[in-house]
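**Student:** Going by my numbering, the first residue of the sequence shown is number 244, and it counts up by one from there. Ideal Cβ positions, reconstructed from N, Cα and C, are used throughout, including at glycine. One structure is given below, represented as structure tokens, and several questions about it will come after.
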Amino acid sequence: MAIRTVLASASGTKDAKILLSSAFQVARQLDAHLKVLHVRTDPRETIPLLGEGMSVGMIDDMTRIAEDECNNRAQRARAQFDECVSETSATVEDRPSAAGFSVSWVEAGGREDEVVAQYGRLADLTVVARPDAAAEVGHTMVLNAALFDSGRPALVIPPKGVAQIGQKIVVSWNGSAQSARAVSSALGILKSAAEVTIFTIESQRATSASSAGMSDYMAYHGIKCAIHTLTGSGTSVGEALLKEASAIGADMIVMGAYTHSRMRQLILGGVTRHVLEESTVPLFMAH
């Protein structure tokens with residue numbers, strides 16, 4: 244699938260410039276349009292137990308503080324966007340055009356994770372940050388929204404950011420629908436890669452026939468690839484996958500995103516969780 248539209252959420256936090264710069268670089272490499280979204284949350288939602296044992300004056304003071312923080316975040320987010328536009332000489336286009344790499348800015352109100360999911364459904368790819376241990380809860384919720392609620396693939400950026408993707412790609416294949424969706428969504432990037440390596444994970448779904456079939460599938464799309472097999476389960480497979488990706492100098496991993504929870508996708512599968520927590524390269528993921 245050709246990627247023509249990319250979405251990135253500009254939270255306005257002090258470290259959000261890394262994600263935004265990475266999104267600009269990815270969109271420029273893909274010759275795509277980047278829509279940068281800033282979500283203004285309702286200040287009252289940021290105040291815990293509003294009104295519980297508090298005077299009217301205290302509520303007003305806390306509301307003003309929350310409003311000031313929302314405004315400061317919006318200003319920082321826009322300033323970071325403008326810096327990235329200047330650094331990349333990007334063309335700002337609010338409407339679809341024949342131009343290749345272009346960017347636009349949009350603000351919306353609501354909960355960031357819900358709004359990101361809504362806008363993500365109209366993008367070919369959503370670029371999100373990989374939350375670290377010190378990240379705000381909202382960052383994890385945005386990641387979950389992009390992966391599980393948008394119906395589109397997500398590119399998860401490591402904490403140090405990224406300058407380019409897709410020269411040496413590792414694909415994690417286990418024969419699942421999620422793996423198939425990730426590979427199909429990444430075809431446009433896979434076709435332009437210098438090197439593609441498929442690591443099949445032995446399971447009931449990924450048989451030897453399935454592995455050979457993946458090789459044929461890639462060949463039909465003009466993609467040359469090498470295929471290797473990983474054994475084990477859960478964390479051990481995740482460790483092996485990251486070790487092999489590092490050994491070949493991969494700059495992107497394509498894989499499905501799996502959960503063990505239908506109510507809310509916070510209980511991730513073992514491989515998904517380990518790779519998300521430990522990967523130092525971007526992850527192209529689909530659910």
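Consider the C-beta atom of L473 and the heavy atoms of the ligand FAD; say whether any pair is separated by less than 8 Å.
**Tutor:** This structure does not include the ligand FAD; it has no bound ligands of any sort.
**Student:** Around the Cβ of Q268, are there at least 16 other Cβ atoms within 10 angstroms (buried) or fewer (exposed)?
**Tutor:** Q268 comes out buried.
**Student:** Figure out for me which residue from H281, A490 and G418 has the closest Cα to the Cα of A455.
**Tutor:** Nearest of H281, A490 and G418 to A455, Cα basis: G418.
**Student:** Would you check if the distance between the CB atom of I496 and the CB atom of H471 is smaller than 9 Å?
**Tutor:** no
**Student:** Nearest by alpha-carbon distance to R221: which of S298, T515, Q407 and Y362 is it?
**Tutor:** Missing from the structure shown is residue 221; the chain here goes from 244 to 530 and no further.
**Student:** Can you give, in chain order, each stretch of the alpha helix (DSSP H) that sits fully within the region 422-495 and has at least 4 residues?
**Tutor:** 430-434, 451-463 and 478-490
**Student:** Bridge partners of G352, per DSSP?
**Tutor:** R283
**Student:** Restricting to Cα atoms, I'd like to know which of S329, S453, D356 and I246 is closest to L263.
**Tutor:** S329
**Student:** With DSSP run on the structure shown, which of helix, strand or coil describes M301?
**Tutor:** Correct three-state label for M301: helix.
**Student:** Whole-angstrom Cβ separation of R247 and H276, contact assumed at under 8 Å?
**Tutor:** 7 Å
**Student:** Below 7 Å CB to CB, which residues in the same chain sit around K434 once its five sequence neighbours on both sides are set aside?
**Tutor:** H464, G465 and I466
**Student:** Would you mind reading off the limits of the alpha helix (DSSP H) that contains S264?
**Tutor:** A259 to L273
**Student:** Leaving out the 5 sequence neighbours to the left and right, which residues in its chain are closer than 8 Å to I491 when beta-carbon positions are compared?
**Tutor:** K411, V413, E438 and T440
**Student:** Expressed to the nearest angstrom, what Euclidean distance is found between the alpha-carbon atoms of V524 and A483?
**Tutor:** 15 Å
**Student:** For H276, write down the residues that DSSP places opposite it in a beta bridge.
**Tutor:** Looking at the DSSP assignment, H276 forms a beta bridge with T248 and S345.
**Student:** How would you write the range of the beta strand (DSSP E) that T369 sits in, first residue to last?
**Tutor:** L368 to A372
**Student:** Inspect the beta-carbon positions of D375 and R395 and report whether they are closer than 9 Å.
**Tutor:** no
**Student:** Taking all protein chains shown into account, decide if A420 is buried (16 or more other Cβ within 10 angstroms of its Cβ) or exposed.
**Tutor:** exposed
**Student:** Quick one: what's got a C-beta closer than 7 Å to R354's C-beta in the same chain, skipping five residues either side?
**Tutor:** T284
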